[in-house]
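K.L.:
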Amino acid sequence: MKKVFSRPQSLKQTPFHYCPGCGHSIIHRLVTELIDEMDLRGKAICVPPAGCAVLAYNYFDIDVCESAHGRGCAIATGIKRALPDRFVFTYQGDGDMAAIGTAETIHAANRGERITSIFVNNAVYGMTGGQMAPTTMIGQKTTTSPFGRRSVVEGYPLKITELVAQLDGAAYVVRTSLATPAKVIATKKALRKAFEVQLEGLGYSLVEVLSPCPTNWKVSPVEALRYLEERMEKEYPPGVLKDVTKAAQKKEG
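Numbering (this note's numbering), first residue to last: 824 to 1076.
#1: Provide the residue span of the alpha helix (DSSP H) that contains tyrosine 914, from first to last.
#2: Indicate whether the contact test is met: 3 or more Cβ pairs, each with one atom in the segment 899–908 and one in the segment 945–953, closer than 8 Å.
#3: Which residue comes first and which comes last in the beta strand (DSSP E) that contains valine 996?
#4: Given aspartate 919, which residues of its chain have a CB within under 8 Å of its CB, disregarding the five upstream and five downstream residues?
#5: Between alanine 1009 and valine 1030, which are expected to be in contact by the criterion C-beta below 8 Å, what is the C-beta distance as a whole number of angstroms?
#6: I think aspartate 884 touches lysine 835, with their Cβ atoms under 8 Å apart; what is that distance to the nearest whole Å?
#7: Applying the criterion that 16 or more other CB atoms from any shown protein chain within 10 Å of the CB defines a buried residue, is methionine 824 buried or exposed?
#8: Closest to glycine 865 by CA distance: which of Ile929, Ser833, Glu856 and Leu981 is it?
#9: Would you check if the segment 1055–1072 and the segment 977–995 touch, i.e. whether three or more CB-CB distances between them fall below 8 Å?
#10: At 3 residues or longer, what runs of the beta strand (DSSP E) sit wholly inside the segment 895–978?
#11: Taking the alpha carbon of glutamine 1021 as the reference point, which residue from Ala926, Ala994, Glu889 and Thr1003 has its own alpha carbon closest?
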């Protein structure tokens, strides 16, 4: 019988510590599949965050350099400038990228650093107890917004991906979702495009992935996927926000 599906070489044979229904395990799989398919294993360097994915080095069988909370893009910038022939990507949550790391994210993108950021958005602080995050939606209940987020008190959700898309140094900015198998496949395509943009030296690339967090949303894994599609995708619509390669193609045409 022909074998058609197997573990990527870049993914270690280690049980995930993630909660049942968490999207990190899916994204890890997609990333390592691409690293293998694009022959990047010998040159890839991952910069994971403080947060649920802090143990990414237990799963990615590539070089990994841990960063302090929020400093992923700063660390990745240093690595890429020192080793420009390497493929460097950050793997960050919404608290890491859109709260303590907002400055690092914005300025790395504005400089057009030749790195890629994978931004996992579950609209809540996952590892530390389910507190309100910058991306928590209006009305969404968390441990620190038990009555739901209120714009007059906590402000509005921060759409970091839309902000990055306005910057001249950003080359490819896209938002995807894990709500359905088809959307998981689309996420892999977006990641591949972001990786290609870095390899071509076109500028900063960012892939935001809307991801379920059943534990802190206090729903089942199945209900979390429904919530992701019916609630989060309305607040954070999936799609390409910026693609300089398309603009270049139109100009050439």
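Where is the CB? At the ideal position from N, CA and C, for every residue including glycine. Source: prediction; values computed, not measured.
P.N.:
The short version:
#1: Counted as a single uninterrupted DSSP element, the stretch harbouring tyrosine 914 is not any alpha helix (DSSP H) but the beta strand (DSSP E) occupying residues 910–916.
#2: Of all C-beta pairs linking the segment 899–908 to the segment 945–953, fewer than three are shorter than 8 Å, placing the two stretches out of contact.
#3: From DSSP, the beta strand (DSSP E) with valine 996 extends over 993–1000.
#4: Only Pro872, Ala873, Gly874, His892, Gly893 and Gly895 meet the Cβ criterion.
#5: At roughly 11 Å, the Cβ-Cβ gap does not stay under 8 Å, so alanine 1009 and valine 1030 are not in contact.
#6: That belief holds up - the Cβ atoms of aspartate 884 and lysine 835 are roughly 5 Å apart, short of 8 Å.
#7: With fewer than 16 other Cβ atoms inside 10 Å of its own Cβ, methionine 824 counts as exposed.
#8: That would be Ser833, whose Cα lies nearest to the Cα of glycine 865.
#9: These segments touch.
#10: DSSP runs (the beta strand (DSSP E)) wholly in the segment 895–978: 910–916 and 939–944.
#11: Ranking Ala926, Ala994, Glu889 and Thr1003 by Cα distance to glutamine 1021 puts Ala994 first.
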